[in-house]
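Here's the structure, in structure tokens; my notes come after.
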Amino acid sequence: MSGLMELVILVACCFFLVTLIKFLYDYLWIPLRIQDILNSQGIKGPPIRFIHGNNKEIAKMKQEALGKPVAWTDDLFPRLQPHIYSWINRYGKNFVYWDGARAELVISEPELVKEVLKNSKNIFQKVKLPEISRKLMGNGLAFTEGEKWAKYRKLANHTFHGESLKNMTPAMIASVETMLEKWKGQEGQEIEVFQEFRLLTSEVISKTAFGSSYLEGEKIFALLYKLKILVNLNMSKTTIPFINKLWKSTDLLESEKLAKGIQDCVIKIVKKREDQVVNGEADSFGNDFFGLLVDAYNDLDEKNKLSLQDLVDECKTFYIAGQETVNSLLGWIVLHLAIYGDWQEKARREVIDIFGNQNPHLEGITKLKTMTMIINETLRLYGPSNGLARTVAREVQLGKLVLPAKLDILPLNIGLHRDPHLWGDNVHLFKPERFADGIAKATNYTAAAFLPFGLGPRSCVGMTFATMETKIALSMILQRYTITLSPAYVHSPILILTVRPQHGIQVIIEPLHNNF
Numbered sequence: 045m046s047g048l049m050e051l052v053i054l055v056a057c058c059f060f061l062v063t064l065i066k067f068l069y070d071y072l073w074i075p076l077r078i079q080d081i082l083n084s085q086g087i088k089g090p091p092i093r094f095i096h097g098n099n100k101e102i103a104k105m106k107q108e109a110l111g112k113p114v115a116w117t118d119d120l121f122p123r124l125q126p127h128i129y130s131w132i133n134r135y136g137k138n139f140v141y142w143d144g145a146r147a148e149l150v151i152s153e154p155e156l157v158k159e160v161l162k163n164s165k166n167i168f169q170k171v172k173l174p175e176i177s178r179k180l181m182g183n184g185l186a187f188t189e190g191e192k193w194a195k196y197r198k199l200a201n202h203t204f205h206g207e208s209l210k211n212m213t214p215a216m217i218a219s220v221e222t223m224l225e226k227w228k229g230q231e232g233q234e235i236e237v238f239q240e241f242r243l244l245t246s247e248v249i250s251k252t253a254f255g256s257s258y259l260e261g262e263k264i265f266a267l268l269y270k271l272k273i274l275v276n277l278n279m280s281k282t283t284i285p286f287i288n289k290l291w292k293s294t295d296l297l298e299s300e301k302l303a304k305g306i307q308d309c310v311i312k313i314v315k316k317r318e319d320q321v322v323n324g325e326a327d328s329f330g331n332d333f334f335g336l337l338v339d340a341y342n343d344l345d346e347k348n349k350l351s352l353q354d355l356v357d358e359c360k361t362f363y364i365a366g367q368e369t370v371n372s373l374l375g376w377i378v379l380h381l382a383i384y385g386d387w388q389e390k391a392r393r394e395v396i397d398i399f400g401n402q403n404p405h406l407e408g409i410t411k412l413k414t415m416t417m418i419i420n421e422t423l424r425l426y427g428p429s430n431g432l433a434r435t436v437a438r439e440v441q442l443g444k445l446v447l448p449a450k451l452d453i454l455p456l457n458i459g460l461h462r463d464p465h466l467w468g469d470n471v472h473l474f475k476p477e478r479f480a481d482g483i484a485k486a487t488n489y490t491a492a493a494f495l496p497f498g499l500g501p502r503s504c505v506g507m508t509f510a511t512m513e514t515k516i517a518l519s520m521i522l523q524r525y526t527i528t529l530s531p532a533y534v535h536s537p538i539l540i541l542t543v544r545p546q547h548g549i550q551v552i553i554e555p556l557h558n559n560f
């Protein structure tokens with residue numbers, strides 16, 4: 045008996061020793077090695093703290109930044125990403141900081157950003173998300189690699205380009221008409237447009253990609269929103285993977301519960317499609333994006349088949365991307381049109397010259413030059429600003445730098461979009477005329493100076509969808525209403541996946557009486 049006890053103790057001690065060695069290797073040896081490699085090449089950064097890296101500093105800096113007032117002509121960089129703003133000014137355009145034990149190399153030189161995102165040798169791959177973030181984004185198109193990514197991209201390309209995109213126009217128009225019909229009862233009154241656009245964009249992505257309605261997907265959107273808040277709360281928290289396996293935090297348990305709820309909702313919608321085919325109510329699963337996913341889920345060829353988890357992850361990706369991006373973009377555009385009445389009037393004249401009092405059509409949408417300028421300038425100032433994170437698959441030379449494997453890289457779009465060397469001294473001001481001669485001329489032919497939808501093969505597949513929806517909604521609003529800013533509006537942008545207004549966007553609408 046004593047011999048057995050001694051064996052158990054010996055095994056436990058060996059297990060503890062191996063775990064300790066692995067922990068010290070991951071959290072001490074590797075960080076010190078990477079720091080030494082980068083420092084020897086002139087890449088500096090804030091000192092690393094054992095286990096936590098710089099996460100405690102980041103959390104404190106973010107909290108302090110959100111407590112400061114901001115005007116709409118101020119630079120948002122120190123508010124949205126205060127740690128990166130501070131460290132760029134201290135350590136230079138390329139520096140390293142620490143997310144726990146993981147090194148994050150921030151790069152904001154256009155040529156280096158371009159090389160990383162073009163990824164011609166498939167060395168710069170998507171980062172592996174923390175566990176809570178994976179519950180939100182899964183392993184869908186945005187984060188998968190290799191053949192799996194190619195399969196997903198092909199499905200998405202079929203849906204969000206060409207004839208398929210053209211066929212979405214009536215659904216977009218109908219959704220905007222429903223919103224504007226509700227506005228008729230609020231003319232001359234204050235409207236919180238960010239919330240209005242949240243409902244609109246949810247309806248549009250539900251109809252066009254999933255063949256349903258906002259009401260049918262309402263529970264999914266609600267669960268996704270709760271997950272987004274959880275992800276944001278845990279953004280600067282240090283996690284130790286093997287401890288998470290032994291003890292799960294309250295937030296992780298809640299995220300698993302929410303993810304399970306989303307999966308159950310998606311399964312119900314899948315079953316509804318399958319039942320329609322089985323009962324003879326439909327001869328296919330549908331030609332929309334969701335129909336293609338269900339078709340792949342039922343494919344008998346294992347090479348083309350999607351697992352249930354793959355299907356759910358793709359749904360989450362497109363529910364989020366299809367709603368969040370356009371919601372924020374429309375909100376910030378309307379804010380700027382309310383502030384800059386001259387640009388509102390220019391955009392309205394263009395819309396009426398092209399469409400009169402008729403609904404937008406695809407041919408006319410492509411001619412909206414002034415609106416395109418306004419969209420691009422809003423994306424420059426208020427576009428996604430989390431960066432476009434990648435990880436180094438194997439040792440590689442980037443410019444003059446030699447980077448070790450497993451190093452995370454953060455190509456910084458907000459730094460490029462607000463760089464006075466690229467955009468001039470008025471970089472923080474709303475000046476759509478920058479884009480009068482197109483993006484290439486505005487950026488002085490610097491490809492990585494403007495990348496709201498990414499760059500290279502991993503650029504956003506829904507870019508055309510997003511800009512088309514935005515142009516249709518804005519055209520129909522400008523045909524009917526003038527927009528002024530409400531005195532109740534408080535400028536307070538925050539970052540939760542996208543840049544959003546903390547207190548909403550309140551405007552007052554007045555009818556134009558154009559026989560609508």
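Taking the working numbering, I'd label the letters of the sequence shown as residues 45 to 560. Where is the CB? At the ideal position from N, CA and C, for every residue including glycine. Model, not experiment: these values are computed from the prediction.
Simplified DSSP assignment, three categories, for residue i
i    : result
L259 : helix
R393 : helix
V160 : helix
Q79  : helix
F168 : strand
P555 : strand
V436 : strand
P537 : strand
F500 : Sequence check: residue 500 is Gly here, not Phe. Looking at G500 - three-state DSSP - the assignment turns out to be helix.
T490 : coil
N201 : helix
S280 : coil
T117 : coil
V356 : helix
Y69  : helix
S519 : helix
N371 : helix
T514 : helix
Q402 : coil
H472 : coil
Boundaries (first-last residue) of the beta strand (DSSP E) holding residue i
i    : result
V543 : 542 to 545
D528 : Checking the sequence shown, residue 528 turns out to be Thr, not Asp. Unbroken beta strand (DSSP E) run through T528: 525 to 529.
L87  : It is Ile, not Leu, that sits at residue 87 in the sequence shown. Careful: I87 lies outside any beta strand (DSSP E) and carries neither H nor E.
E240 : No beta strand (DSSP E) holds E240; the alpha helix (DSSP H) holding it covers 237 to 254.
Whole-angstrom C-beta distance between residue j and residue i, which should lie under 8 Å
i    : j    : result
L432 : G324 : With a Cβ gap of about 47 Å, L432 and G324 do not count as contacting.
A493 : L466 : 5 Å
S280 : A103 : 4 Å
K444 : T414 : That pair is no contact at about 42 Å.
For residue i, the residue or residues it bridges with in DSSP
i    : result
L149 : V140, I453
L442 : L445
Q550 : E236
G97  : R93, D143
Residue interval of the alpha helix (DSSP H) (run including residue i)
i    : result
L180 : 175 to 181
E189 : No alpha helix (DSSP H) holds E189; DSSP gives it neither H nor E.
I419 : 413 to 426
A532 : That residue, A532, is in no alpha helix (DSSP H); it is neither H nor E in DSSP.
R317 : 294 to 322
A38  : No answer is possible for residue 38: the residues shown for the chain start at 45 and end at 560.
W467 : 464 to 467
V220 : 213 to 227
R38  : Past the boundaries of the shown model lies residue 38; the chain is included only from 45 to 560, so the question cannot be answered.
H127 : 126 to 135
E407 : 406 to 409
D209 : For clarity, residue 209 is Leu in the given sequence; the question names Asp instead. Counting along the chain, the alpha helix (DSSP H) containing L209 begins and ends at 206 to 210.
Proximity of residue i and residue j at Cβ, strictly below 8 Å
i    : j    : result
E332 : G255 : Per the sequence shown, the amino acid found at residue 332 is Asp instead of Glu. It is a contact, given that the beta carbons lie within the stated cut-off.
G182 : V370 : no
M223 : T252 : no
L379 : L423 : no
C309 : K263 : yes
V543 : Y363 : no
D70  : N99  : no
I74  : V440 : no
L454 : E148 : yes
Q169 : E191 : no
S219 : L259 : no
R146 : D343 : no
G89  : Y129 : no
I249 : Q367 : yes
L267 : G305 : yes
K227 : I549 : Checking the sequence, you will find Trp at residue 227 rather than Lys. Contact: no.
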